[in-house]
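Protein chains in written order, with numbering that gives the first Met the number 0: chain A, 0 to 156; chain B, 0 to 269; chain C, 0 to 784.
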Amino acid sequence: MTRISLHVNGTAVERDVEPRTSLADFLRESCALTATHLGCEHGACGACTVLVDGMIARSCLKFAVMCEGREVVTLEGLADDALSDTIKQAFHESHALQCGFCTPGMLMAARDLLSRNPIPSEDQVRAALAGHICRCTGYSGIVHAIILASRRLIPVE
Amino acid sequence: MKPSPFDYARPASLDLALATMAEHADSASLIAGGQSLVPLLNLRMAPSELIVDISRLLELREIRDLGDRVFLGAGLTHAMFEDGVAPDPGNGLMRKTAENIAYRAIRCHGTIGGSVAMADPAADWPAVLLALGAVAILRSEGAERRVTMNDLLVGTYETSLHQGEIIVGFEIAKLPPTARTSYIKFNKKVGAFATSLAVAVHGETTRVVIAGAGSRARILRKTSEALATGADAIACIGGDLDEIMSEPDAYLRQLHVTTITRAIGEVLGA
Amino acid sequence: MSGDAHSSGGWIGASLLRKEDARHLAGKAMFVADVRLPGLQDIAFVRSQIAHGRIVSMAKPAGAESRVFTIADFPSLHVLEAGPELDAFRQSPYPALASDKVRYVGQAMAACVAPTRALAEDLAELVQVDCSELPAVVDAIAAMSPGSARLFESWADNAYITRTISAGDLSRLKDAPIRLRRKFRMNRQATVSLETRGVVAHWDARLEELVVYLSTQGGHVMRLGLARALGLPENQIRVIAPDVGGGFGGKNRLLPEEIAVCAIALKVGHPVRWIEDRREHLLASVHCRDHHYDLIVSADSEGHLLGIEGDVHIDAGAYALWPTGSFMEASMAAGNLPGPYRIKALSVNTFTVATNKAPMGPYRGVARPGACFAIERLVDEVALHMGIEPYELRKRNLVTREEMPYNTVAGLKLDTGDYHDALDTAAAMVDIPAVRRRQAERKPGEPRIGVGFAVYTEQSGHGVVEWSKRKSRVVPGYESANVRMLPDGSVTIHVGVQNHGQGHETTLAQIAAHELSLDPSQIRIRYGDTATTPFGFGSFASRSIVFAGGAVGTTTRRLAEKIRLIGAHFLQADPKDVRIENGHVISQSGSVAFSEIALAANIRQEMLPQGMDPLLDMTGTYEPTESAGVFSYGTHAVVVEVDEATGGVKILDYAVSEDCGTMINPMIVDGQVQGGISQGIGTGLYEEIPFNAEGQPLATTFADYMMPCATEIPTVRIAHSVTPAKVTEYGVKGVGEGGAIAPPAALANAVADAFRDCKASFNETPLTPRRVWDAVQIARAGAAS
């Protein structure tokens, strides 16, 4: 076991972990933050996407010990985030989720895209969602939602 | 799908990392971004007793302007090239490459040095660095050596890195503004490893590289020479591929011919 | 897609935004892996590394004997009989953990329990397994040759069942002016719900019951299977399906791991959990498709299709899954070969074959994507042969509206709709003349363009008649609903179907709101707990809106009538003079709120009319007035660009014209269509689990199993027609599967259209770049020789 301390959703957290424990398992099992979903555990599905020091990361591809001192933000940590609120509302209105399992990762990817590129083209939205698997929706609602959120954030004449 | 147990070390400096690697050379793996290594660990396909974390070493993120060359630290992430945080001596080639590696969340953490050290035969950076004539700077405890990309790449997941040796960065000659580059990747879906990747650099020096054919990225010798001298480069592709492709595969051969031809077409401005 | 509110209380047909979204968007959903119980430990399975072998020995690691389980530890566990109830269907006993033999790579052999999954996997690595390898059976057609190795020694060959489906006048076919023979193959894939399977189980000592959190499409049926396997009475098993992250058929079978986890929970005295990982999912969860067709289509000289003859092999894998196995795969494939065409003769030999691969189960569309691929490709091949537009050939053969209801030669009763209109609409949407112009103007070296069509039907709402005909072990002929109005007038409805993305909390609330004149926000739909819901079969086969919608509709209607009677009593009006509106019973002189009526019915019995039973609590079942099923239908039209040099296919336009009867929530219908098509595109272009000659699967991670993402799936243009069904409540028909049925056929036809100059045939899915390129080379070589 290795003792680590880091910030999770703004709160200082100190825990003993096995070095092999992924950040995803750490969040889910040690921090009881289960919005972060595991869909593949090899970095291909995107369901476990979180923010590490402001950068999106596949939490299945990071070990918790590597995150010593880092700021980790999960979907639970975006409850009062204005950008996320706009995106979530757009997801709701655009029928961008069905079973909901991919949704946390999709929201993370959407927020990351719009924070880097506030007015993305549809192709850019789709490119930003590559590597995020949704088995239910066929993506069109998700793409629509992100464009809708973008327009609401930065109204275009 | 959880890794076998391992110990973890995060040396505070490159020298300490090298010392750790020297001590545990048989049983240790380096982790930088971990975006290729961790899946293998999770699948228990690359067991390791000690994981040495070099992801925070600032020495590996150095960027130095050497006049006609640039030194780029091995720990620079793909996203740094994508975002223009790291310079691009390849006149946009490196940026374009970075943009096309896997997915954004992977690019934010995966590193150029890690990609080269992993030596996936279809990976992007080995091919592009080969085409750019990069020299890898390798450090081990008390020693440093310089190795061309051609000598560093050996085979599938195989490099000429010695045990305990770390890639600290790459020296890359700045392409003159007139040089043309091309990067043509064909993959089964966006973000997947290339089925065929052709990279062409055409300027004072000319190199055409193929990845996905054979066990490592290769320079197409005759094709590159022909392109450099204004001869019929397209006509040379087949001969070069015969030397590179280990197994006859009509489809892949055609695919490689296609990506290479298109790359050549792009640098010739067609 | 809009959240436009209903007009004047018309909840049927309103694109109401979903009630289930909020918890998912907040990260507050609960899937099985999110269940936390004190003392919970994880399970990892030891799985077979070989495709076929006899188990010589399995040795538990020293010191860990009590934490490692093999089948020998469960002598009283029952092996479930699976497959249709037909004597001709051979039994393939599938134990919870392998007993004497292993029959596919990935079959569970032992289970290891530890405080974490990582530790359980460590333990699993230490289990010593010794198997003597046997020849692997990997090709479903070769498996039927006399010399083939056999999976089950007691069987005479490797067929679970062999059947010939023969109908109509076959005598005309032999001399038909057009007879084309083609072979088609739809390769093996996985269902790939993004949430994998998972079980958390523990013995509740207070209630003396086994509590099983299960990611399933139907908890009641799974409880039945678990009870039989474990030898427990059903009233001592509670199955809870919390949020379920997709199923698509794969979670509608009881798999051995699920039984093993429950058996372990009964032994160890603490909660145990198994969460399937993605490699396990691709290795050993439900596999699907894997159809092989060798068919002859006959047509007259005007292109009227006369009949289909040939063989269908279904590679069903190593075991039949409980309850029904994969027999329906073959019978439905054959039965759907005539499609919506006026084909009068059918003679198909079907072989459901056991091979050393993971067992086959249902997957969205069940059999019909394969059948649609075969018939729709055959239609295009006949058109190509005749030199006419495939669109035109379809027009000549499609059943017309006037002919409906139309009994197909295979015995399906196509009930209502206008198939020609759907085809015409889709054709107009993609603009065939414009595509033909672009093709004509193409310069050498430019990508090729092709347009392809596929028409499909989607049977839904089929009940007793159809499932009995299929000899199903479980006959899902009805659905149930329990409707309760609580003292304050709020409504809770428990249903036996299982929402796993379909939006039942919204659509069923819309139906109840319609009947009760309430706002859907006042109605809560509950499901997924055998302790609280009435028996139901779950969500599959596009059945939920027909059956559960019907059950909710008819039961709330009965409740509304009781409310109305109580209201009339309150208002001292004749019951025939009162109506319900907006949560009130209204007479000419006054109104009374449901809350007052509900209060009386629940806690002030003395206020009720003389002799009336208390409570506003009704349970009802529903089956459509005819149980042969109703048929949604549509036409898919796709325009593709093909890079001849690489074989790469890019979708330029995808249009659908469909009719699923009355739409309760058009937004959700669009979501089902778009989502189904996404999966169909996966089947058509990307997804495949190949096997080598030793039976090793070659796609066990997403590095090799290509899952289409937003960069691969276009936004589909959807046009709706509405022909209400005659035998269902509100005229609804199911819509869950249709989207997945037609895309492989439409895509292959579009690619073939791009190469019609060389008559290349694209008869195997997925149409990978290599397959496309190879098909063109073969056609060119054939033309040259």
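Heads up, the beta-carbon is just placed ideally off N, CA and C, and yes, glycines get one too.
For C/ASP752, the first and last residue of its enclosing alpha helix (DSSP H): Numbered from its first residue, the third sequence carries residue 752 of chain C at position 753. If you look at C/ASP752, you'll find it in the alpha helix (DSSP H) that goes 742-753.
Less than 9 Å between the beta carbons of C/GLY364 and C/ILE740, yes or no? Stepping through the third sequence from its first residue, residue 364 of chain C is reached at position 365. Stepping through the third sequence from its first residue, residue 740 of chain C is reached at position 741. The answer is yes: Cβ separation under 9 Å.
Check: Taking buried to mean at least 16 other C-beta atoms within 10 Å of its own C-beta, is A/PRO15 buried or exposed?
Finding: By 1-based counting over the first sequence, the position of residue 15 of chain A is 16. The sequence shown places Asp at residue 15 of chain A, not Pro. Answer is exposed; the Cβ neighbour count stays below 16.
Can you list, in chain order, the residues of the region 64-98 of chain A whose Cβ is nearer than 7 Å to any Cβ on chain B?
-> Result list: VAL64 and MET65.
Here's the rule: buried if 16 or more other CB atoms are within 10 angstroms of the residue's CB, otherwise exposed. What is C/HIS503?
Position 504 of the third sequence, counted from the start, is the residue given in the question as residue 503 of chain C. In this structure C/HIS503 is buried. Its beta-carbon is surrounded by 16 or more other beta-carbon atoms within 10 angstroms.
Cβ of B/SER26 less than 9 Å from any chain A Cβ?
Taking the second sequence and counting its residues from 1, one reaches residue 26 of chain B at position 27. Not closer than 9 Å to any Cβ of chain A, the Cβ of B/SER26 fails to qualify, so no.
Is A/ARG150 close to chain B, meaning its C-beta is less than 9 Å from at least one C-beta of that chain? Along the first sequence, read from residue 1 onward, the residue named residue 150 of chain A stands at position 151. For A/ARG150, the answer is no, since every Cβ of chain B falls outside 9 Å of its Cβ.
Between C/GLY218 and C/ALA240, which are expected to be in contact by the criterion C-beta below 8 Å, what is the C-beta distance as a whole number of angstroms? For the purposes of this step, residue 218 of chain C is identified with residue 219 of the third sequence, where counting begins at 1. For the purposes of this step, residue 240 of chain C is identified with residue 241 of the third sequence, where counting begins at 1. Confirmed, Cβ separation roughly 5 Å.
Query raised in the report: From what residue to what residue does the alpha helix (DSSP H) around A/PHE90 run?
Result: Against the first sequence, residue 90 of chain A aligns to sequence position 91. Per DSSP, the continuous alpha helix (DSSP H) segment holding A/PHE90 begins and ends at 81-92.
Taking only beta-carbon atoms, is B/CYS235 less than 9 Å away from chain A?
Here residue 235 of chain B refers to the residue found at position 236 of the second sequence. Chain A contact via Cβ: absent.
Could you name the residues of the same chain whose beta carbon sits closer than 6 Å to that of C/THR827, not counting the 5 residues immediately before and after it, in chain order? Nothing about residue 827 of chain C can be reported from this structure: the residues present for chain C run from 0 to 784 only.
* To do: Could you tell me whether the Cβ of C/ILE676 comes closer than 9 Å to any Cβ of chain A?
  => Here residue 676 of chain C is taken as the residue at index 677 of the third sequence, counted from 1. At least one chain A Cβ lies under 9 Å of C/ILE676.
Original post:
For chain A, is any of its Cβ atoms less than 9 Å away from the one on C/PRO241?
Top reply: Your numbering for residue 241 of chain C matches position 242 in the third sequence. With 9 Å as the cut-off, C/PRO241 does not count as an interface residue toward chain A.
Review point. Quick one: what's got a C-beta closer than 7 Å to C/TYR621's C-beta in the same chain, skipping five residues either side?
Key: Sequence index remark: in the third sequence, residue 621 of chain C carries index 622 (1-based). Cβ within range, chain order: TYR477, GLU478, PHE546, GLY549, ALA550 and THR553.
> Taking the continuous alpha helix (DSSP H) assigned at A/THR178, which residues delimit it?
Replying inline: Residue 178 of chain A lies beyond the stretch modelled for chain A, which goes from 0 to 156, so this question has no answer here.
- Task: Check the Cβ of C/ARG116 against every Cβ in chain B and list those closer than 9 Å, keeping chain order.
- Result: Taking the third sequence and counting its residues from 1, the one referred to as residue 116 of chain C is at position 117. For C/ARG116, the C-beta contacts it makes with chain B under 9 Å involve MET0 and LYS1, in order along the chain.
request  = Excluding the 5 residues preceding and the 5 following C/ASP99 in the sequence, name in chain order all residues of the same chain whose CB lies nearer than 7 Å to its CB.
outcome  = Here residue 99 of chain C corresponds to residue number 100 of the third sequence, with the count starting at 1. Closer than 7 Å at the Cβ level, and outside the excluded window around C/ASP99, lie ARG53 and ILE54.
### Message
Tell me which residues share the same chain as C/HIS5 and place their Cβ nearer than 6 Å to its Cβ, disregarding the 5 neighbours each side in the sequence.
### Response
The residue labelled residue 5 of chain C in the question sits at position 6 within the third sequence. A caution first: C/HIS5 carries a pLDDT of 39, below 50, which makes its placement in the model too unreliable to give a value.
| field | Spatial distance of A/LYS87 from C/GLY681 (CA atoms) | value | Within the first sequence, residue 87 of chain A is the residue found at index 88, counting from 1. Within the third sequence, residue 681 of chain C is the residue found at index 682, counting from 1. Taking C-alpha positions only, A/LYS87 is separated from C/GLY681 by approximately 27 Å.
ask   = Who are the Cβ neighbours of C/ASP168 in its own chain at under 7 Å, not counting the five residues just before and after it?
value = Numbered from its first residue, the third sequence carries residue 168 of chain C at position 169. The answer, listed in chain order, is LYS343 and ALA344.
**Q.** Sub-9 Å separation of C/GLY249 and C/TYR362 beta-carbons
**A.** Working through the third sequence from its first residue, we reach residue 249 of chain C at position 250. Working through the third sequence from its first residue, we reach residue 362 of chain C at position 363. Yes; because the gap between Cβ atoms is below 9 Å, this pair is in contact.
Return yes when the C-beta of C/PHE754 is under 8 Å from any heavy atom of the ligand HEM, and no when it is not. The ligand content of the structure shown is nil, which means the ligand HEM is not present either.
Interface residues of chain A facing B/ARG63 [CB-CB closer than 9 Å]:
If you number the second sequence from 1, residue 63 of chain B lands on position 64. Listed along chain A, no residue sits closer than 9 Å to B/ARG63 by beta-carbon distance, the nearest being about 24 Å off.
- Query: Where does the unbroken beta strand (DSSP E) through C/ASN348 begin, and where does it stop?
  - Reply: In the third sequence, the residue the question calls residue 348 of chain C occupies position 349. Start and end: 344-352.
Problem set entry | B/LEU71 versus C/TYR704: straight-line alpha-carbon distance, rounded | Counting from 1 along the second sequence, the entry for residue 71 of chain B is found at position 72. Counting from 1 along the third sequence, the entry for residue 704 of chain C is found at position 705. Their Cα atoms are separated by approximately 35 Å.
contact_flag[the region 108-127 of chain C, the region 0-13 of chain B] where n(CB pairs < 8 Å) is 3 or more: Using a C-beta cut-off of 8 Å, the region 108-127 of chain C makes contact with the region 0-13 of chain B, since at least three inter-stretch Cβ pairs fall below that distance.
Neighbourhood of A/LEU113 by C-beta, 8 Å cutoff - its chain only, sequence neighbours within 5 removed:
By 1-based counting over the first sequence, the position of residue 113 of chain A is 114. Short of 8 Å from the beta carbon of A/LEU113, and not among the five residues preceding or following it, lie these beta carbons of its own chain, in chain order: LEU82, ILE86, PRO119, ILE145, ALA148, SER149 and LEU152.
TODO: Find the residues of chain B that neighbour A/ARG57, judging by a C-beta separation of less than 9 Å, and give them in chain order.
DONE: Taking the first residue of the first sequence as position 1, residue 57 of chain A is located at position 58. By Cβ distance, chain B contributes GLN34, VAL37, TYR102, ALA104, ILE105 and HIS108.
Worksheet item: Whole-angstrom Cβ separation of C/PHE326 and C/PHE88, contact assumed at under 8 Å?
Response: One-based indexing of the third sequence puts residue 326 of chain C at position 327. One-based indexing of the third sequence puts residue 88 of chain C at position 89. The C-beta distance from C/PHE326 to C/PHE88 rounds to 6 Å, short enough to fall under 8 Å.
Return the CA-CA distance between B/ASP87 and B/ALA130, expressed in angstroms with no decimal places.
Taking the first residue of the second sequence as position 1, residue 87 of chain B is located at position 88. Taking the first residue of the second sequence as position 1, residue 130 of chain B is located at position 131. Near 14 Å, if we compare the C-alpha coordinates of B/ALA130 and B/ASP87.
Open item on the list: Once DSSP output is grouped into helix, strand and coil, what is the label at A/ALA56?
Closed with: Numbered from 1 along the first sequence, position 57 holds the residue referred to as residue 56 of chain A. The answer is strand: DSSP assigns A/ALA56 an E or B state.
- B/THR158 to A/THR35, Cα distance in whole Å? Translated into the one-based positions of the second sequence, residue 158 of chain B becomes position 159. Translated into the one-based positions of the first sequence, residue 35 of chain A becomes position 36. B/THR158 and A/THR35 have their C-alpha atoms some 36 Å from each other.
According to the neighbour-count rule (16 or more other Cβ atoms, all chains shown, within 10 Å of its Cβ), is A/ASN8 buried or exposed? By 1-based counting over the first sequence, the position of residue 8 of chain A is 9. Within a 10 Å sphere around the beta-carbon of A/ASN8 sit 16 or more other beta-carbons, which makes this residue buried.
inquiry  = Between C/GLY582, C/PRO443 and C/VAL474, which has its C-alpha nearest C/GLY488's C-alpha?
reply    = Numbered from 1 along the third sequence, position 489 holds the residue referred to as residue 488 of chain C. Checking every option, the nearest Cα to that of C/GLY488 belongs to C/GLY582.
Segment contact flag, the region 661-681 of chain C with the region 23-37 of chain C, C-beta cutoff 8 Å, min 3 pairs: Fewer than three beta-carbon pairs drawn from the region 661-681 of chain C and the region 23-37 of chain C are found closer than 8 Å, and the two stretches are therefore not classed as touching.
Test item: CB-CB of C/GLY82 and C/ARG472 under 9 Å
Along the third sequence, read from residue 1 onward, the residue named residue 82 of chain C stands at position 83. Along the third sequence, read from residue 1 onward, the residue named residue 472 of chain C stands at position 473. Going by C-beta atoms, C/GLY82 is nearer than 9 Å to C/ARG472.
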